[in-house]
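Asks: When we follow the working numbering, the leftmost residue of the sequence shown carries the number 1103, and every step to the right adds one.
Here it is, the structure in full.
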Amino acid sequence: MEQIIAHPLFQSALLPFSVSLVAVLALRRFGWFWAGLALALGFYASVYLINGVDLFPLRSTQKIVLAGLIAVALGLLLDTLWLRRYIKSLLALAAVAVVLWLIWPRLNRLE
């Protein structure tokens, strides 16, 4: 079993597909809006097997994964709210904040 779980094909294809399929079948009864969450669940199941869960201290790869989790939550929130006028501005501001968060340690070392 350990060999199957450690195999790259299982980690990058079979597990995400299986998790996404089960999640979409379970969530579609609540509407297709929530079924879209299945893609993120499959991706993060793969991330869990490949990288593990240790979030602290944050490295760049862990920051990208955390930014993705925040993006999924923000996307669901913006889809439920009727702030269509401000969505582009909020997403642009969030993207700039994430980029600065990712490169800030590197910028501090350049001084």
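Ideal Cβ placement from N, Cα and C applies to all residues, glycine included.
Just so we're clear, the structure is a prediction, and the values are computed from it rather than from any experiment.
Could you tell me whether the Cβ atoms of Phe1145 and Pro1118 are closer together than 8 Å?
Replies: Within the sequence shown, residue 1145 is the residue found at index 43, counting from 1. Within the sequence shown, residue 1118 is the residue found at index 16, counting from 1. Yes; because the gap between Cβ atoms is below 8 Å, this pair is in contact.
Asks: Expressed to the nearest angstrom, what Euclidean distance is found between the alpha-carbon atoms of Ile1189 and Pro1159?
Replies: As a first step, residue 1189 must be located in the sequence shown, where it is residue number 87. As a first step, residue 1159 must be located in the sequence shown, where it is residue number 57. Looking at the two C-alpha atoms, the distance is approximately 32 Å.
Asks: Exposed or buried, which one is Ser1122 when buried takes at least 16 other CB atoms within 10 Å?
Replies: The residue you call residue 1122 lines up with position 20 of the sequence shown. Result: buried.
Asks: Determine contact between the stretch 1148-1164 and the stretch 1183-1202, defined as no fewer than three beta-carbon pairs at a distance below 8 Å.
Replies: No, they do not touch.
Asks: Using CA atoms only, rank isn't needed, just tell me which of Val1126, Phe1112 and Trp1136 is closest to Val1149.
Replies: On the sequence shown, position 47 is the one that residue 1149 refers to. Checked all of Val1126, Phe1112 and Trp1136; the closest Cα to Val1149 is Phe1112.
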